[in-house]
Amino acid sequence: MSIFISNLAPSLDDFISFKNALGIEYKTAKVYLRQLDIYNFEHGNFISLTKEVAEGWAIQHASKSITHDRSWVPPMSEFGRYLRSVGNNTTYVLDNGSI
Numbered sequence: 540m541s542i543f544i545s546n547l548a549p550s551l552d553d554f555i556s557f558k559n560a561l562g563i564e565y566k567t568a569k570v571y572l573r574q575l576d577i578y579n580f581e582h583g584n585f586i587s588l589t590k591e592v593a594e595g596w597a598i599q600h601a602s603k604s605i606t607h608d609r610s611w612v613p614p615m616s617e618f619g620r621y622l623r624s625v626g627n628n629t630t631y632v633l634d635n636g637s638i
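Using my numbering, read the sequence shown as starting at 540 and increasing by one per residue.
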């Protein structure tokens, strides 16, 4: 059963399965992806990763951090690049300079 609830759930599940098939557990990243999923669900429930959702979640997440740690950016970028690699060319790819 999926831990994801938004319209991104099938893509998120496929992405996690892809990472697992490469031998990557992706435990911490899964937490960040779950948070992104909830944010997407609450802010339009898009089927693709939009700039508004990615940056909105990133700004919200960054504002909660007192350490300025950006370890959550790579999983978001990887998810966006994965979606593009499987044909979703409208997907937004978050980078550290975006936020």
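Beta carbons: idealized from backbone N, C-alpha and C, even for Gly.
Extent of the continuous alpha helix (DSSP H) run through residue i
i, result
"Val592", "590-603"
"Met540", "Premise fails: Met540 is in no alpha helix (DSSP H) and is neither H nor E."
"Ser616", "612-624"
Buried versus exposed call for residue i [16 or more other C-beta atoms within 10 Å across all chains shown]
i, result
"Val570", "exposed"
"Leu561", "exposed"
"Met540", "exposed"
"Val592", "buried"
"Val612", "buried"
Supposed contact pair residue j and residue i - C-beta distance, whole angstroms, cut 8 Å
i, j, result
"Ile544", "Phe580", "5 Å"
"Ser587", "Asn559", "Not really, about 23 Å apart at Cβ, beyond 8 Å."
"Ser550", "Leu622", "6 Å"
"Phe554", "Phe618", "6 Å"
"Ala568", "Pro614", "4 Å"
"Tyr565", "Lys590", "At roughly 24 Å, the Cβ-Cβ gap does not stay under 8 Å, so Tyr565 and Lys590 are not in contact."
"Leu575", "Trp596", "5 Å"
message: Just to confirm the assignment: which complete beta strand (DSSP E) runs, minimum length 3, are found wholly within the stretch 549-591?
response: none
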